[in-house]
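The structure appears right after this line, and notes come after that.
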Amino acid sequence: MSSDSSVNREIHLASRPEGWPTADNFRLVTTEVPTPGPGQLVVRNQFMSVDPYMRGRMNDVKSYMPPFALDAPLDGGAIGEVVAGEAEGVKPGDVVLHSLGWREYALVDARGVRKVDPGIAPVSAYLSVLGMTGLTAYAGLLDVAAMKAGETVFVSGAAGAVGSMVGQIAKLRGAGRVIGSAGSPAKVERLLALGFDAAFDYHEGPVHQQLKAAAPDGVDVYFDNVGSDHLEAAIGAMNLHGRAAICGMIAQYNSAEPPAAPRNLALVIGKRLTLRGFLVGDHGHLRDQFVQEMAGWLREGRLSYDETVVDGIEQAPEAFLGLMRGENLGKMLVRL
């Protein structure tokens, strides 16, 4: 955070990436701290989130979310303290969640914030385990894929913010076997420490071979964060009437070429598989149930979550690039 309380620093999108983003696609811009109008609040951000979906918004293509504008601040999940403005139920000093990250001070519509209780958990948890990340895992596993007790679950990108929650929720809800893939031996060790029954490093051999060894009796539920060869392997390993919740496909976000896999989609027919894409925004009806159950597991010490924290708004682009390279364990956050 800048030491001058009248100065606001923001990260703008300077140019659209072609393939892998670079630092040159971003620009640090200094502006004045905004002044709230009627129904508006000024929030001094404490933490902001960087997420894989943001890569797609850097392209000027039609998608489920509008693309980021050039020469304007990016946005995304953030949490901070209200420092100016007042609205029904919200006053200065309150801690709120909102969607205007990538800046130190945000001018937000009071109707677009959610007040949180910093006494329940550290405020950063509302961007991870108790926030969109946790709800994505919870809704995808239990609502979209409808996991039942005793089933075998495979999670790709399992050491990431969402994947690590999926595996733990599966175990807490009675899964028979939970398998995760990750990108390094250290991440594999972390998954085993979190209670996964098996985990493998996808760099160490073909995914389909490693998955077959880890799930000799097949897979009932697949939670997909990766796509590509992982989705192909999961389709090959899935049992009759298996279900896949398709959350993300990070393997192809930075690729200029269409993916080579999955090449075995015809198996979906004979196995009667369900592959269902989803967006967390469609599952808001689960939020109260989710927070209650997750907070209970946290209190009881039955659920762990990892955060990789980078300090300073000027480091936000590097934090995002590090996320794309898989350098994070759990949720990647920027502390402002």
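Just so we're aligned, residue -18 is where the sequence shown starts under the numbering used here, counting upward by one. Just so it is clear, CB atoms sit at the ideal spot from N, CA and C, and this is done for glycine as well.
State buried or exposed for residue i, treating a residue as buried only when at least 16 other CB atoms are found within 10 Å of its CB.
i     : result
K96   : exposed
D205  : buried
Y107  : buried
K72   : exposed
P166  : exposed
K43   : exposed
S209  : buried
E(-1) : exposed
S145  : buried
E13   : exposed
I250  : exposed
Y86   : buried
Q191  : buried
Mapping DSSP to helix, strand and coil, what is residue i?
i      : result
P298   : helix
M(-18) : Because M(-18) sits at a pLDDT of 49, beneath the cut-off of 50, its placement in the model cannot be relied upon, and the point is left open.
V315   : strand
M29    : strand
V147   : helix
L304   : helix
R257   : strand
V42    : coil
R(-3)  : coil
Looking at residue i: is its Cβ nearer than 8 Å to the Cβ of residue j?
i    : j     : result
S137 : H189  : no
P298 : A4    : yes
A53  : L(-6) : yes
A163 : L122  : no
V77  : V63   : yes
R36  : Y234  : yes
In this structure, what does DSSP give as the bridge partners for residue i?
i      : result
V(-12) : E13
T3     : None, per the DSSP bridge assignment.
G138   : Answer by DSSP bridge pairing: none, since G138 is not bridged.
Got a sec: is the Cβ-Cβ distance from residue i to anything in chain B below 8 Å?
i    : result
A106 : Absence of chain B from the displayed structure is noted, only one protein chain being present.
Note down, one range per segment and in chain order, each alpha helix (DSSP H) of at least 4 residues found wholly within the stretch 150 to 229. Taking 4 residues as the shortest admissible run, the stretch 150 to 229 contains the following complete alpha helix (DSSP H) segments, listed from N- to C-terminal end: 166 to 174, 188 to 195, 209 to 218.
May I have a chain-ordered list of the alpha helix (DSSP H) segments no shorter than 4 residues that lie completely inside the stretch 52 to 126? Runs of the alpha helix (DSSP H) inside the stretch 52 to 126: 113 to 120.
Curious, which full-length beta strand (DSSP E) runs of at least 3 residues does the stretch 263 to 294 contain? Unbroken beta strand (DSSP E) stretches of 3 residues or longer found wholly inside the stretch 263 to 294: 288 to 292, given in chain order.
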